[in-house]
Amino acid sequence: MHFHILGTGAVGCHVASLLRMTNHKVTLILRSQKALQDFKAHNQSISLTLKGKSASVSGFDSMVLPSAPSQGPPIECLVVATKAQSVIEAVSPLKSRLTKNSTLLLLQNGMGVVEELMDTVWHGQTSPRILVGVNRHATQRTSAFKIINHSGWNDPEGLVVGERLQQGESPRDDSPVLKTLSEIKDLSLSIVPWEDLQNRMAKKLIINASINPVAALLDFTNGGMIDDNPYTMNLMRELCYEAYSVLENLLPGETAESLFESVIGILQITRQNRCSMVQDMNAKRPTEVDYINGYLCRIGKNQGKILKVHQTMVDLIHAKERVAKP
Ligand SMILES: NC(=O)c1ccc[n+]([C@@H]2O[C@H](COP(=O)([O-])OP(=O)(O)OC[C@H]3O[C@@H](n4cnc5c(N)ncnc54)[C@H](OP(=O)(O)O)[C@@H]3O)[C@@H](O)[C@H]2O)c1
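Numbering of the sequence shown is given in UniProt numbering, commencing with residue 1 and proceeding in unit increments.
In structure tokens:
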């Protein structure tokens, strides 16, 4: 099977390497001529550290992302591994190569990307098959095309994927992409129905929305968020309760308090980590706040609710990004 990888950072290089290591044809779609130069300087290979062992993975095809709609044969599977805010810009030029027989695998954190793609790229027209993944692999890009996969291969739910069905479609059990990916042991893939995936995404979103902006504003480690600091605890509880009030329907069996306990549990077992929003802020990169807290504000608005604490976090994060802009 031929996979195209869009977004060649930590996640894109991780998936691309595992696919090449199992002899699949992989084309990397590079963002710019500069990325192509970096790839050539890296001998057109990816350096991957997995389970403590380093390897150089080669045999990739590559192309630079066109700036205008591109012609070419249909893409069989496009793995989209950019940050959430870059998906529309990155996928749009490839639309003419994505037919109803293509598959799109979206691997972003946060929520709202699928709806945005359907509204702005496909405008209700027939789209490719859309798979969405909740990715628990922790992968770090140390330099261009050099990555370390810290965890995930040993997690039974390393990558949980569900298919978003079009209106009126009934669940299918015949995705060649999922069959191929489930044969890659180190990806640790599990396949779940869409409702189940939505439930997992909502839970992850609430946890991220409660921790990330507070940690990014204060430049705290996860441990710093819970160590003798009643003020961060108050803020996280407020965020968690407000988020639950708009996603309750996706979370049967949970309460705002059970989710807050999950927030604290995650912080306790990842004390040394800095969450992705802290890392983005420190690297002066745009954060994914519009797809985390911003998404909750949009959902709230549709329900006639104003999420004041989340909106304040979105504004503060954007204000800090603006000051930090290189
Ligand atoms: N890393 C993890 O452990 C992890 C785990 C779970 C979920 N996630 C989620 O996975 C997604 C990807 O994360 P990541 O860590 O892989 O990010 P990343 O390392 O920043 O990689 C993103 C890649 O997308 C490229 N890109 C940005 N805009 C683009 C555009 N318009 N067209 C084409 N390519 C573009 C970037 O190019 P440049 O190289 O030029 O910046 C970069 O190569 C995020 O939503 C993240 O939250 C990450």
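Just so it is clear, CB atoms sit at the ideal spot from N, CA and C, and this is done for glycine as well.
- Sheet register partners of S188 (DSSP bridge): The sequence position of residue 188 within the sequence shown is 188, counting from 1. DSSP output for S188 lists no bridge partner at all.
- Taking only the alpha-carbon atoms, compute the straight-line gap between N135 and S190 and give it to the nearest angstrom. Looking up residue 135 in the sequence shown gives position 135. Looking up residue 190 in the sequence shown gives position 190. Roughly 11 Å between the two C-alpha positions.
- Query: ligand 1 heavy atoms versus the CB of S258: any closer than 7 Å?
  - Reply: In the sequence shown, the residue the question calls residue 258 occupies position 258. No, since every heavy atom of ligand 1 falls outside the 7 Å radius drawn around the Cβ of S258.
- Task: Could you please give me the residues that DSSP links to N149 through a beta bridge?
- Result: Numbered from its first residue, the sequence shown carries residue 149 at position 149. Paired residues: L50 and T139.
- Query: Would you say the beta carbon of L217 comes nearer than 7 Å to a heavy atom of ligand 3?
  - Reply: This structure lacks ligand 3; its bound ligands are ligand 1.
- Task: Tell me whether N135 counts as near ligand 1, meaning its Cβ is closer than 7 Å to at least one heavy atom of that ligand.
- Result: By one-based count along the sequence shown, residue 135 stands at place 135. Indeed, a heavy atom of ligand 1 lies less than 7 Å from the Cβ.
- Query: My guess is that S188 and G162 are in contact by the Cβ rule of under 8 Å, so how many angstroms apart are they, rounded?
  - Reply: Position 188 of the sequence shown, counted from the start, is the residue given in the question as residue 188. Position 162 of the sequence shown, counted from the start, is the residue given in the question as residue 162. Not really, about 16 Å apart at Cβ, beyond 8 Å.
- Query: Distance, Cα to Cα, I292 vs K40?
  - Reply: Your numbering for residue 292 matches position 292 in the sequence shown. Your numbering for residue 40 matches position 40 in the sequence shown. In a straight line, the C-alpha of I292 is about 35 Å away from that of K40.
- Item | Close beta carbons around R274, own chain, < 6 Å, minus the five adjacent residues each side | Position 274 of the sequence shown, counting from 1, holds the residue named residue 274. Contacts found: T221.
- Would you be able to state if there are at least three C-beta pairs under 8 Å between the region 3–14 and the region 109–128? no
- Item | Beta-bridge partners of G162, as assigned by DSSP | By 1-based counting over the sequence shown, the position of residue 162 is 162. Beta-bridge pairing links G162 to V132.
- Task: Please list, in chain order, all residues of the same chain as I211 whose beta carbon is under 8 Å from its beta carbon, the five residues on each side excluded.
- Result: The residue you call residue 211 lines up with position 211 of the sequence shown. The residues are N222, M225, M236, V263, I266, L267 and C275.
- Task: Taking all protein chains shown into account, decide if Q303 is buried (16 or more other Cβ within 10 angstroms of its Cβ) or exposed.
- Result: The residue you call residue 303 lines up with position 303 of the sequence shown. Counting Cβ neighbours within 10 Å, Q303 comes out exposed, since fewer than 16 surround it.
- Query: Measuring CB to CB, does L78 end up less than 8 Å from L98?
  - Reply: The sequence position of residue 78 within the sequence shown is 78, counting from 1. The sequence position of residue 98 within the sequence shown is 98, counting from 1. Yes, Cβ-Cβ distance for L78 and L98 is below 8 Å.
- Task: Over the uninterrupted alpha helix (DSSP H) stretch that includes F260, give me the two end residues.
- Result: As a first step, residue 260 must be located in the sequence shown, where it is residue number 260. That run of the alpha helix (DSSP H) goes A256 to I269.
- Message: Can you check which of these residues, A202, N101 and W122, is closest to V177 by C-alpha distance?
- Response: By 1-based counting over the sequence shown, the position of residue 177 is 177. If we check each option's Cα against that of V177, N101 comes out closest.
- Looking at C-beta atoms only, is the number of pairs between the region 198–206 and the region 243–251 that lie closer than 8 Å three or more? yes
- Query: Any heavy atom of ligand 1 within a distance shorter than 7 Å of the CB on N212?
  - Reply: As a first step, residue 212 is located in the sequence shown; it is residue number 212 there, counting from the start. Every heavy atom of ligand 1 is 7 Å or more from the Cβ of N212, so no.
- At 4 residues or longer, and completely inside the region 48–100: list those alpha helix (DSSP H) runs for me, N to C. 87–91
- Message: Within 10 Å of its beta-carbon, does N282 have 16 or more other beta-carbons around it, so buried, or fewer, so exposed?
- Response: For the purposes of this step, residue 282 is taken as the residue at position 282 of the sequence shown. Flag for N282 reads exposed.
- Query: Going by other Cβ atoms of all chains shown within 10 Å of its Cβ, with 16 needed for buried, is T232 buried or exposed?
  - Reply: Counting from 1 along the sequence shown, the entry for residue 232 is found at position 232. With 16 or more other Cβ atoms within 10 Å, it is buried.
- Message: With three or more beta-carbon pairs closer than 8 Å as the criterion, would you say the region 47–61 touches the region 76–95?
- Response: no
- Task: With DSSP as the reference, please indicate the residues paired to T120 in a beta bridge.
- Result: Reading the sequence shown from its first residue, position 120 is the one you call residue 120. T120 pairs with nothing; no bridge assigned.
- Distance, Cα to Cα, D290 vs Q311? Here residue 290 refers to the residue found at position 290 when the sequence shown is read from its first residue. Here residue 311 refers to the residue found at position 311 when the sequence shown is read from its first residue. Between D290 and Q311, the C-alpha separation is close to 10 Å.
- Based on the DSSP output, what are the partners of K25 in its beta bridges? Locating residue 25 in the sequence shown gives position 25, counting from the first residue. H2, per the DSSP bridge assignment.
- Task: Just mark G133 as buried or exposed, buried being the case when its beta carbon has 16 or more other beta carbons within 10 Å.
- Result: Indexing the sequence shown from 1 puts residue 133 at position 133. By the 10 Å Cβ count, G133 comes out buried.
- Relative to the C-alpha of P193, which residue among D155, L131 and K95 is closest? As a position in the sequence shown, residue 193 is number 193, starting the count at 1. Nearest of D155, L131 and K95 to P193, Cα basis: L131.
- Check whether the Cβ of S276 sits closer than 7 Å to any heavy atom of ligand 1, and report yes or no. Indexing the sequence shown from 1 puts residue 276 at position 276. Because some heavy atom of ligand 1 lies under 7 Å away, the Cβ of S276 counts as near it: yes.
- Query: Taking DSSP as the reference, what is the three-state secondary structure of L107?
  - Reply: Locating residue 107 in the sequence shown gives position 107, counting from the first residue. If DSSP states are grouped into helix, strand and coil, L107 belongs with coil.
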